[in-house]
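Working notes for the structure below.
In mature numbering (1 follows the signal peptide of the UniProt record, and there is no 0), the protein residues as written are -19 to -1, 1 to 191.
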């Protein structure tokens, strides 16, 4: 009986449907109409990315999403040139008709710790030293400075489509202060299925028998 239960547990676990990647792009080639802006540029160090922009709303629209309860979003945000943090350069990540995931500032002006401060990894108007939370600094080759932030968010979502808004505001011209996107992955996370719950129940039975 115990062997039969073990076999059943394995079969049920094998049928569990996990998270599904619904979109990914490293922008090494062209992008489609899912993006409201499709310009691809290359950093001085040779890295291709989507951008760059200053005071621009950029949207990613995805449809035909399989059944899910959450969406996981991760990407690299490039903060370029003379972005000067809490002096007014706001960057926002939000879900259309949904939550604002991040409303913050970044700065590349360190000046040996004496430059303007930034709000990230918290929301504006929090105050942190330049480059707090950055995954890389001055790796992209911009003379005026650059920094990379790997952002990861998971939010509740049930609909079969989603629009993700990326936006800069109160910035100088794109030749002075700008940002871009790279290595984006969007994943649909399903709720625990009846199968997975049954599996947990059978595991409990096996534990009692032991």
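Ideal Cβ positions, reconstructed from N, Cα and C, are used throughout, including at glycine.
Remember, it's a predicted structure, so these values are computed and weren't measured experimentally.
Quiz prompt | Own chain partners of residue 98 with C-beta closer than 8 Å, once the 5 adjacent residues on each side are dropped | solution = 66, 67, 88, 108, 109, 110, 111
Quiz item: When you compare only the Cα positions, how much space is there between residue 151 and residue 86?
Solution: 11 Å
Practice problem: Give the straight-line distance between the Cα atoms of residue 74 and residue 21, rounded to the nearest whole angstrom. | Solution: Near 20 Å, if we compare the C-alpha coordinates of residue 21 and residue 74.
Quiz item: For residue 121 versus residue 26, is the C-beta distance shorter than 8 Å?
Solution: yes
Self-check item: Residue span of the beta strand (DSSP E) that contains residue 82, given as start and end
Solution: 81 to 85
Quiz item: Roughly how many angstroms separate the alpha carbons of residue 157 and residue 171, rounded to a whole number?
Solution: 42 Å
Quiz item: Three-state secondary structure (DSSP) at residue 149?
Solution: Secondary structure at residue 149: strand, using DSSP grouped into helix, strand and coil.
Quiz item: Which whole-angstrom value is the C-beta distance of residue 137 and residue 78, which I expect to be below 8 Å?
Solution: Cβ-Cβ separation between residue 137 and residue 78: approximately 12 Å, too far for a contact (criterion under 8 Å).
Exercise. Under 7 Å Cβ to Cβ from residue 91, same chain only, skipping five residues before and after it: list those, please.
Key: Around residue 91: 111, 112.
Practice problem: Output yes or no for whether 8 Å exceeds the beta carbon distance between residue 38 and residue 148. | Solution: With a cutoff of 8 Å on beta-carbon distance, residue 38 and residue 148 are scored as near each other.
Quiz item: Starting from residue 2 and walking both ways along the beta strand (DSSP E), at which residues does that stretch end?
Solution: 1 to 6
Practice problem: Could you check what DSSP says for residue 32 in three-state terms: helix, strand or coil? | Solution: Taken through DSSP and simplified to helix, strand or coil, residue 32 comes out as strand.
Quiz item: Curious, which full-length beta strand (DSSP E) runs of at least 3 residues does the segment 39 to 109 contain?
Solution: 51 to 62, 71 to 76, 81 to 85
Self-check item: Closest Cα partner of residue 141 within the set 23, 46, 4, 6
Solution: 46
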